[in-house]
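The next block holds one structure in the form of structure tokens; read it before the comments.
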Amino acid sequence: MSNPGLIKSHVADTALGKYRLVAHGASDGAVKQGTGTTDALCGVTEGFAYAAGDRASIVRSGIADVEYGGAVTRGAPLTSDASGRAIVAAPAVGVNARIIGFAEVSGVLGDIGLVFIAVDQIQG
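In my numbering, the protein residues as written are 155 to 278.
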């Protein structure tokens, strides 16, 4: 069960799917759907999809529902796949990956899991 902390309203630079990771957008106060491990991830959409230009409610802290993009084990650091779904961050040696936080539950592709939001960057 999610337990969101801070939820902020941001302008969607791109279409945003529900339960997807988002990154900082092109301007202050804007977000875009996550597209990979180098995106400056900043939150998770709630259970709604948004069109570009909409005001989107973004979970910025706490525990949020998130769609998994592959097999995830609880405790694993999570980053974004090309569709904004949460996947395990496993950068190669010397490579950085931005993470949204850590998985609270295990799951597989398409599951709605939980992420403890702790935005950071890790290095393999």
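For each residue, glycine too, the CB sits at the ideal point set by N, CA and C.
Whole angstroms are fine: how far does the CA of alanine 203 sit from the CA of isoleucine 271?
Stepping through the sequence shown from its first residue, residue 271 is reached at position 117. Stepping through the sequence shown from its first residue, residue 203 is reached at position 49. In a straight line, the C-alpha of isoleucine 271 is about 20 Å away from that of alanine 203.
Own chain residues within Cβ distance below 6 Å of leucine 289, not counting five before or after:
Because the chain is modelled from 155 through 278, residue 289 falls outside the range shown and cannot be assessed.
Just verifying my parser: in three-state terms, what is the DSSP assignment at tyrosine 173?
Residue numbering aside, residue 173 sits at position 19 when the sequence shown is read from its first letter. Coil, per DSSP.
If we call anything under 9 Å between Cβ atoms a contact, is valine 220 one with leucine 175?
The count along the sequence shown starts at 1 and reaches residue 220 at position 66. The count along the sequence shown starts at 1 and reaches residue 175 at position 21. Going by C-beta atoms, valine 220 is nearer than 9 Å to leucine 175.
Less than 9 Å separating the beta-carbons of valine 165 and alanine 210?
Locating residue 165 in the sequence shown gives position 11, counting from the first residue. Locating residue 210 in the sequence shown gives position 56, counting from the first residue. Remark: C-beta atoms of valine 165 and alanine 210 approach each other more closely than 9 Å.
Quick one: is glutamine 102 buried, meaning 16 or more other Cβ sit within 10 Å of its Cβ, or exposed?
What is shown of the chain runs 155 to 278, which leaves residue 102 out entirely.
Using the Cβ count rule (16 or more neighbours within 10 Å means buried), how would you classify threonine 227?
For the purposes of this step, residue 227 is taken as residue 73 along the sequence shown, with counting starting at 1. By the Cβ neighbour-count rule, threonine 227 is exposed, with fewer than 16 other Cβ atoms within 10 Å of its own.
Thinking tyrosine 222 and aspartate 193 are a contact (beta carbons under 8 Å), I'd like their distance in whole angstroms, please.
Residue mapping note: residue 222 aligns to position 68 of the sequence shown, counting from 1. Residue mapping note: residue 193 aligns to position 39 of the sequence shown, counting from 1. Wrong, their Cβ atoms sit about 17 Å apart, outside the cutoff.
Since I believe valine 242 is in contact with glycine 212 (beta carbons under 8 Å), could you give me their beta-carbon distance rounded to a whole number of angstroms?
Locating residue 212 in the sequence shown gives position 58, counting from the first residue. Locating residue 242 in the sequence shown gives position 88, counting from the first residue. Here residue 212 is isoleucine; the residue named in the question, glycine, does not match the sequence. In this structure isoleucine 212 is not in contact with valine 242, their Cβ atoms being roughly 22 Å apart against a cut-off of 8 Å.
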